[in-house]
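And the structure:
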């Protein structure tokens, strides 16, 4: 039954790892904005329009025109 | 009616067709073109009509040519890469997020951009070149996302987000869970070889776990209790701190002497629940700011005119803080005057509505003094500075003592007032029972003394107010009434005097009620009037033009606008004059009745016809709100405007409402102070900078806001203008909230009685405490939550009934 010392140590260690992960994520600001990422993750899949190279050129020209 | 493909506004007579889509203005069409040409039309697939019509910005951001100002705005700069964060009030939907995070497709300098939607900010990383920041701001403005840059941004105090409470809560929760696991074997009173064998290990492990809870998570309670005792106040944290320390020492003693398992489970649970209550009480509206002063209203830079060595005048973009007395400034149309000045050149038409409460723009001649905070509305001005920004007429208001004191500190909350009796009661019970046991069975005396202090720890009492008020805070928030913190609700329940500002608070900013008085205009005269007004940029002309029939607009033969006076125009054989009475009329004195009112006078072919009178439109439900409030409160109106509207207001408001006009910002502050000295609890409701002092001085200062994206002065709460008619309901709701808290107190005292009966008889086992304490806390939380939901629902059904 002395194995229980070992098990205790392991369980406390695992708990501490998760606790550290929590503190780390809070510190990094992961919970500061909980809304925007939920919207952002929906975007990526839907961008299907690949810009054609010729069109991009004209668009850049236009942009510089309007800047003037 | 067709709606604009970009912004969704209805297209009136100016519909622009482009690629089979309709746009309400050229700005909207330009944005569409930019986005479409850059393959960003997915913007319009995400949401319907997500756009914002861009505003005219020519010259507005020239100050970004100034190196020092640029440096102040940048968050990071190493010469190659720069990072900047902008507040963009117009962020409102997922399309906005998408387009702003795809800025790199519009501006090749942009590396990455990240939107924080709740805060309405975007953080952009871009490669540093001479003009890249200015180009970026102009690009954002051109696609309708104009950043809000104000004087406040020049003070670089990067706010550190305070996360201590989350850390403390995390530690307490982590420890609570682990201690519960470790103490579980002790709950079964079996004598079993292996359990007994491991008991010390388990117990000392629990001890080790609870150390950070006592030393770190609960530290706030010890500090607060110490502060309270030093200023001779028995606040609620005193019995809590006492309970926590007794729990810890008794438990440590128990495991040292091998008397029992100790109360570590109750201890960590208690701290966890208390912190949970504290956490719940906070509800932050990250995109609203309750602490703003004039700095976030004033511009960061202004155009200064300098003479160079060859006596030529050059323009320079100068920081507002560097402006000195005697400097010459250039104020463009729609710019805010940042300092007190004397007008040198130009036609000044200054809108002071936000600063003084005067409803209509004022014309000023050269040589007149212009106060800081006014907004120029007609062309370019040249002015000379009288005082630097910190000493100007308006900003001096912030030197008043009202702004330096922290009003939440003085207020004794309901919880604090009950905790005094509670603490005294508990201590006397503990002492009496100890004396009792000392005479009968001294071996139990210590046990009983500590048990009483442990079980009486007012966890449930301490949770009643945070959960009730936190819930109310959320209910208010859903109904567009945003409150700074929970203690404000308690103060709201006590209010007995309501002070209202007039301009912008009782009246709306947007609409004017325009009525015509005089000889009726013929069809031709009306047409001529419309054609004349079309060319004028004066705000009154614009407002009047908007309501007139716009058919048959003619090209005028002759048109002349004299700023500050009026317009004269002619077409064929007709002539018309529109403007002030002196300008239009050829005889007779102006009747005093009309004099104080805002009016546009008209004469046709040199005969005076009549005038359009602009009455400010009062908010919907004004009369009902005042009637409701008048029942049990004193209601006062303080206006910075002249008393031209006195009669109309008296007609609208119930009898006995006191009206005061021509009140300067400082008068308002002192007025509120006087009321308070008479023992009144004052709620101030205002909207502009002129109310800032009174808002700060009052017990509860509420700002009415047409659009919560825009500036509002420092206050305790922001009420969306559409909810104005509910003020009375909100006050009643806060009163019901206080009742709920009182009931919760009663319940938790009953729990304490049960616990005390265990404690004084010397039967308090750790397992009883471990059940009783969470049970009382959870049931109080459940009760307050259900009760507040119930009263919140009642408010909702009331609102539905009205609709």
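Protein chains in written order, with the working numbering: chain A, -13 to 54; chain B, 3 to 805. We put the CB at the ideal spot given by N, CA and C, even for glycine.
Limits of the beta strand (DSSP E) - the one that residue i falls within
i, result
"residue 345/B", "342 to 347"
"residue 473/B", "Segment 461 to 480 is the alpha helix (DSSP H) holding residue 473/B; no beta strand (DSSP E) there."
"residue 332/B", "330 to 333"
"residue 306/B", "303 to 309"
"residue 385/B", "383 to 389"
"residue 484/B", "483 to 485"
Backbone secondary structure at residue i - three-state DSSP
i, result
"residue 732/B", "helix"
"residue 447/B", "helix"
"residue 603/B", "strand"
"residue 560/B", "strand"
"residue 245/B", "helix"
"residue 18/A", "coil"
"residue 495/B", "helix"
"residue 504/B", "coil"
"residue 725/B", "helix"
"residue 784/B", "helix"
"residue 5/B", "strand"
"residue 82/B", "coil"
"residue 22/B", "coil"
"residue 616/B", "strand"
"residue 768/B", "helix"
"residue 546/B", "helix"
"residue 571/B", "strand"
"residue 577/B", "strand"
"residue 56/B", "coil"
"residue 61/B", "coil"
"residue 71/B", "helix"
"residue 49/A", "Below a pLDDT of 50, predicted positions are generally treated as unreliable, and residue 49/A, at 44, falls in that range; no measurement from the model is reported."
"residue 707/B", "strand"
"residue 608/B", "coil"
"residue 647/B", "helix"
Supposed contact pair residue j and residue i - C-beta distance, whole angstroms, cut 8 Å
i, j, result
"residue 146/B", "residue 61/B", "Contact doesn't hold; Cβ gap of about 19 Å is too wide."
"residue 317/B", "residue 499/B", "No, residue 317/B and residue 499/B are not in contact; Cβ-Cβ is about 51 Å, not under 8 Å."
"residue 807/B", "residue 509/B", "This structure gives no information on residue 807/B, because the portion of chain B shown stretches from 3 to 805."
"residue 703/B", "residue 686/B", "5 Å"
"residue 701/B", "residue 391/B", "Their Cβ separation, rounded to whole angstroms, is 30 Å, which puts residue 701/B and residue 391/B out of contact at 8 Å."
"residue 601/B", "residue 616/B", "7 Å"
"residue 774/B", "residue 757/B", "5 Å"
"residue 535/B", "residue 543/B", "5 Å"
Environment of residue i [buried if 16+ CB atoms lie within 10 Å]
i, result
"residue 12/B", "exposed"
"residue 693/B", "buried"
"residue 794/B", "buried"
"residue 369/B", "exposed"
"residue 366/B", "buried"
"residue 80/B", "exposed"
"residue 603/B", "buried"
"residue 354/B", "buried"
"residue 15/A", "exposed"
"residue 467/B", "buried"
"residue 199/B", "exposed"
"residue 709/B", "exposed"
"residue 765/B", "exposed"
Start-to-end residues for the alpha helix (DSSP H) that takes in residue i
i, result
"residue 195/B", "195 to 214"
"residue -5/A", "-11 to 13"
"residue 35/B", "28 to 39"
"residue 353/B", "Looking at the DSSP string, residue 353/B is not in any alpha helix (DSSP H); the run it does join, the beta strand (DSSP E), is 350 to 353."
"residue 274/B", "266 to 283"
"residue 139/B", "134 to 144"
"residue 322/B", "Where residue 322/B is concerned, there is no enclosing alpha helix (DSSP H), given that its DSSP letter is neither H nor E."
"residue 682/B", "Residue 682/B -> no alpha helix (DSSP H), and no H or E assigned at all."
Beta bridge counterpart(s) of residue i as assigned by DSSP
i, result
"residue 625/B", "In DSSP, residue 625/B forms no bridge with anything."
"residue 636/B", "499/B"
"residue 536/B", "Paired residues: none, contrary to the question."
"residue 183/B", "DSSP lists no partner for residue 183/B."
"residue 117/B", "124/B"
"residue 519/B", "613/B"
"residue 365/B", "351/B"
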